[in-house]
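*Asks:* Under our numbering, the first residue of the sequence shown is numbered 913, with each subsequent residue one higher.
All residues carry an ideal CB built from backbone N, CA and C; glycine is no exception.
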Amino acid sequence: MIFSTIYSDNMDIQKILSSPAFSCECGKIHKAQLKEAIIENGAIQKLPEIIKKYKGTKVFLVADENTMKAAGNSCIEILNQNNIPYKTSILDAERAEPDEHLIGKLAFDFSPDCDIILGIGTGVINDLCKILANITDRTFILVATAPSMDGFASSTSSIIKNGLKVSINSRCADCLFADVDILKNAPYDMIIAGFGDMLAKYISICEWRIGNIVTGEYYCEYVANMMRTALKAIIENADGLKNRDDKAIISLMNGLILAGIAADYAGVSRPASGVEHYYSHIWDMRHLEFNTPWSLHGIQCGVGTCLALKEYEKIKDITPNKNLALASFEKYDIAKTKKIISEHLGKSGNEIIEKLETSDLFNREKHKELLKNIPTHWDKILEIINEELPCRNELILLMNKLKAPTKSSYFGIPDSENHQTFLITKYIRDKYILSTLYKELGLSDF
Ligand SMILES: [Zn+2]
Ligand SMILES: [Zn+2]
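1. Is residue 998 near ligand 1, in the sense that its beta carbon is under 8 Å from a heavy atom of that ligand?
2. Which runs of the alpha helix (DSSP H) fall wholly inside the region 1061-1108 and span at least 4 residues, in chain order?
3. Going by the C-beta, is residue 1167 closer than 8 Å to any heavy atom of ligand 2?
4. My assumption, with CB atoms under 8 Å, is that residue 1061 sits in contact with residue 1209. Please give the rounded CB distance.
5. Here's the rule I'm using: 16 or more other beta-carbon atoms within 10 Å means buried, otherwise exposed. How should residue 920 be labelled?
6. Is the closest heavy atom of ligand 2 to the C-beta of residue 1218 under 8 Å?
7. Under a three-way DSSP split, which group does residue 1033 fall into?
8. Between the Cα of residue 1352 and the Cα atoms of 1246, 1239, 1163, which residue gives the shortest distance?
9. For residue 1215, which of helix, strand or coil comes out of DSSP?
10. Is the beta carbon of residue 1086 less than 9 Å from the beta carbon of residue 946?
11. With DSSP run on the structure shown, which of helix, strand or coil describes residue 999?
12. Less than 7 Å between C-beta atoms, sequence neighbours within five positions excluded: which residues of the same chain meet that for residue 1338?
13. Report whether the distance from the Cβ of residue 936 to the nearest heavy atom of ligand 1 is below 8 Å.
14. Taking only runs of the beta strand (DSSP E) that begin and end inside the region 935-986, which ones reach a length of at least 3 residues, in chain order?
15. So, does the region 1264-1272 touch the region 1180-1188, judging by three or more C-beta pairs under 8 Å?
16. On the three-pair Cβ rule with 8 Å, is the region 1088-1099 touching the region 945-960?
17. Using a 10 Å radius around the Cβ and a threshold of 16 neighbouring Cβ atoms, would you call residue 924 buried or exposed?
18. Would you say residue 1073 touches ligand 1, meaning its beta carbon is less than 8 Å from a heavy atom?
19. Please indicate yes or no: does the CB of residue 1210 lie closer than 8 Å to some heavy atom of ligand 2?
20. Does the Cβ of residue 1344 lie closer than 8 Å to at least one heavy atom of ligand 1?
21. Determine the DSSP secondary structure at residue 1020, reduced to helix, strand or coil.
22. Does the distance from the CB of residue 1047 to the CB of residue 1005 come in under 9 Å?
23. May I ask you to verify whether the region 934-946 touches the region 1121-1134, counting CB pairs closer than 8 Å and requiring at least 3?
24. With respect to 8 Å, is the separation between the Cβ of residue 943 and the closest non-hydrogen atom of ligand 1 below this value?
25. Can you check whether the CB of residue 1121 is closer than 9 Å to the CB of residue 1142?
26. What are the start and end residues of the alpha helix (DSSP H) that includes residue 1236?
27. Would you report the Cα separation of residue 952 and residue 1124, rounded to the nearest angstrom?
28. Nearest to residue 1167 by CA position, among 1156, 1178, 1149, is which residue?
29. With DSSP as the reference, identify every bridge partner of residue 1054, one or two as the case may be.
30. State the DSSP-derived secondary structure class of residue 1011, mapped to helix, strand or coil.
31. Cα-Cα, which of 1234, 1306, 1304 is closest to residue 1281?
32. Span of the alpha helix (DSSP H) holding residue 1287?
33. Please classify residue 931: is it buried, with 16 or more other beta-carbons within 10 angstroms of its beta-carbon, or exposed?
34. What's the C-alpha gap between residue 1223 and residue 1204?
35. Using 8 Å as the Cβ pair cut-off and three pairs as the minimum, do the region 1057-1072 and the region 1011-1027 touch?
36. Among 993, 1033, 990, whose alpha-carbon lies nearest the alpha-carbon of residue 1001?
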């Protein structure tokens, strides 16, 4: 079984984008920030039409050397043919993460008579343009150059500030061009990264449901179904990714866009990220701090998914033991935890360490309260795991076929470090994930 056992009918992305805000059974009003997505072969030919629609008179085009080759030059040709004036800001392609310097460069290059920001790229370019569009209050059009991550429809940007990775509020593109002819020619590792960022959704939905029953946190079944349905289409077409088939690329891109919309709808990152993303965060933090190896976000998330599935297999075999859990809790020592985090994450762990004293993870009363419910919830937790998670071996077979990394040692991180990394994930965000459950059950020693 490689699919979740529950899904709804196909999610039509155009219908979702054009539908007015609707009041959902979850109690929230859902409305996508992304206004339109043009997902087709040759989509960029519609650039002049869209610029006109947004009453644009001058374009500020942001790209890097690679994305200029992938799509920027074609876009400039189209602008020239249609007599649309533009100014460009071309970034050096040799940087992995957006930081304050790049934001400064863009602000410096920006000219106030430009009323359209045209980003050509994905991760970094998208994150930067989202911030620039937010600061300058300009219309933002993105021409995606790779189906490599799920930030197309989300309203936050990931940047490096003072050497630390942070997520800041920005805004998503008004219009997204997903030109299939461009996307399918993306470097293969970027396509596989997008696939990995989507595999993560198996775990994120599973953990969201577990979090919901254990802590009573907000959950939306409609949003969860968006993710399951997108994943199903991606897996069904995954074989075609190797040959860059249009159908496989479109399913992947649809899923990545839907993941951003899902997070936007929910107002929390739950639908799009769980413990697998925190492996990735930790590898990023360690790379910044200690220059350890790293890989593309989605490749790390794909590996994180395989690692998380292995940890979930262990949990399926245990029977919760309240006495063991209580005894283990008595042994938890904040000082020891601080030391482990500090050694593993360096100064990027400081903020986490500061919050430990007041963290629920060390709150004896809260722990007892949660433990009380675990035995009653246990059957439900197992049911959720069985419903949502794919068979690890089948998934790994599929990933092998696609030459998608399934182990951290593929990009240079020893596999032996991963259980320790897993145990640290619970401290990364205030979110109930598998490693939190491990701690509550007494299966972690810090
Ligand atoms: Zn809802
Ligand atoms: Zn992600």
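*Replies:* The relevant details are as follows:
1. Against the sequence shown, residue 998 aligns to sequence position 86. No - ligand 1 has no heavy atom lying nearer than 8 Å to the Cβ of residue 998.
2. 1092-1095
3. In the sequence shown, residue 1167 corresponds to position 255, counting from 1. It does not: the Cβ of residue 1167 is nowhere closer than 8 Å to a heavy atom of ligand 2.
4. What you label residue 1061 is simply residue 149 of the sequence shown in a count that begins at 1. What you label residue 1209 is simply residue 297 of the sequence shown in a count that begins at 1. 6 Å between Cβ atoms; contact.
5. Counted from its first residue, the sequence shown places residue 920 at position 8. Residue placement at residue 920 is poorly supported in this model, since its pLDDT is 46, which falls under 50; the coordinates still yield a value, given next. That one is exposed.
6. Position 306 of the sequence shown holds residue 1218. Incorrect: residue 1218 has no Cβ contact closer than 8 Å to ligand 2.
7. Here residue 1033 refers to the residue found at position 121 when the sequence shown is read from its first residue. Coil, per DSSP.
8. As a first step, residue 1352 must be located in the sequence shown, where it is residue number 440. Out of 1246, 1239, 1163, 1239 has the C-alpha closest to the C-alpha of residue 1352.
9. Translated into the one-based positions of the sequence shown, residue 1215 becomes position 303. DSSP, reduced to helix, strand and coil, places residue 1215 within a helical segment of the structure shown.
10. The residue you call residue 1086 lines up with position 174 of the sequence shown. The residue you call residue 946 lines up with position 34 of the sequence shown. Cβ distance < 9 Å, so residue 1086 and residue 946 count as in contact.
11. For this step, residue 999 is matched to residue 87 along the sequence shown. In this structure, residue 999 counts as strand in the three-state DSSP scheme.
12. As a position in the sequence shown, residue 1338 is number 426, starting the count at 1. Within the same chain, residue 1338 has close Cβ partners 1273, 1345, 1347, 1348, 1351.
13. Within the sequence shown, the letter at position 24 stands for residue 936. Indeed, a heavy atom of ligand 1 lies less than 8 Å from the Cβ.
14. Counting only unbroken stretches of 3 or more residues, the beta strand (DSSP E) elements lying wholly within the region 935-986 are 948-952, 971-976, in sequence order.
15. no
16. yes
17. Residue numbering aside, residue 924 sits at position 12 when the sequence shown is read from its first letter. Burial call: exposed.
18. Here residue 1073 corresponds to residue number 161 of the sequence shown, with the count starting at 1. Because no heavy atom of ligand 1 lies under 8 Å away, the Cβ of residue 1073 does not count as near it: no.
19. Numbered from 1 along the sequence shown, position 298 holds the residue referred to as residue 1210. The beta carbon of residue 1210 sits closer than 8 Å to at least one heavy atom of ligand 2.
20. Residue numbering aside, residue 1344 sits at position 432 when the sequence shown is read from its first letter. Set against 8 Å, the gap from the CB of residue 1344 to the closest heavy atom of ligand 1 is not smaller.
21. In the sequence shown, counting from the first residue as 1, residue 1020 sits at position 108. Helix.
22. The residue given as residue 1047 occupies position 135 in the sequence shown. The residue given as residue 1005 occupies position 93 in the sequence shown. Not in contact: residue 1047 and residue 1005 (Cβ atoms no closer than 9 Å).
23. yes
24. On the sequence shown, residue 943 is found 31 positions in, with the first residue counted as 1. No, the beta carbon of residue 943 sits no closer than 8 Å to any heavy atom of ligand 1.
25. Residue mapping note: residue 1142 aligns to position 230 of the sequence shown, counting from 1. Residue mapping note: residue 1121 aligns to position 209 of the sequence shown, counting from 1. No, Cβ-Cβ distance for residue 1142 and residue 1121 is not below 9 Å.
26. As a position in the sequence shown, residue 1236 is number 324, starting the count at 1. Residue 1236 -> alpha helix (DSSP H) spans 1234-1243.
27. Start at 1 with the first residue of the sequence shown, and residue 952 comes out as number 40. Start at 1 with the first residue of the sequence shown, and residue 1124 comes out as number 212. Rounded to the nearest angstrom, the two C-alpha atoms are 38 Å apart.
28. One-based indexing of the sequence shown puts residue 1167 at position 255. When only C-alpha atoms are compared, the closest one is 1149.
29. Position 142 of the sequence shown holds residue 1054. DSSP output for residue 1054 lists 1031, 1088 as bridge partner(s).
30. Here residue 1011 corresponds to residue number 99 of the sequence shown, with the count starting at 1. Residue 1011: strand per DSSP, three-state reduction.
31. Taking the first residue of the sequence shown as position 1, residue 1281 is located at position 369. The shortest Cα separation from residue 1281 among 1234, 1306, 1304 belongs to 1234.
32. Counting from one through the sequence shown, the residue named residue 1287 turns up at place 375. First-last of the alpha helix (DSSP H) with residue 1287: 1276-1300.
33. Position 19 of the sequence shown holds residue 931. The residue is exposed, with fewer than 16 neighbouring Cβ atoms inside 10 Å.
34. The sequence position of residue 1223 within the sequence shown is 311, counting from 1. The sequence position of residue 1204 within the sequence shown is 292, counting from 1. Each residue's alpha carbon lies about 24 Å from the other.
35. By the criterion of at least three beta-carbon pairs nearer than 8 Å, the region 1057-1072 is in contact with the region 1011-1027.
36. Your numbering for residue 1001 matches position 89 in the sequence shown. The residue with the shortest Cα to Cα distance from residue 1001 is 1033.
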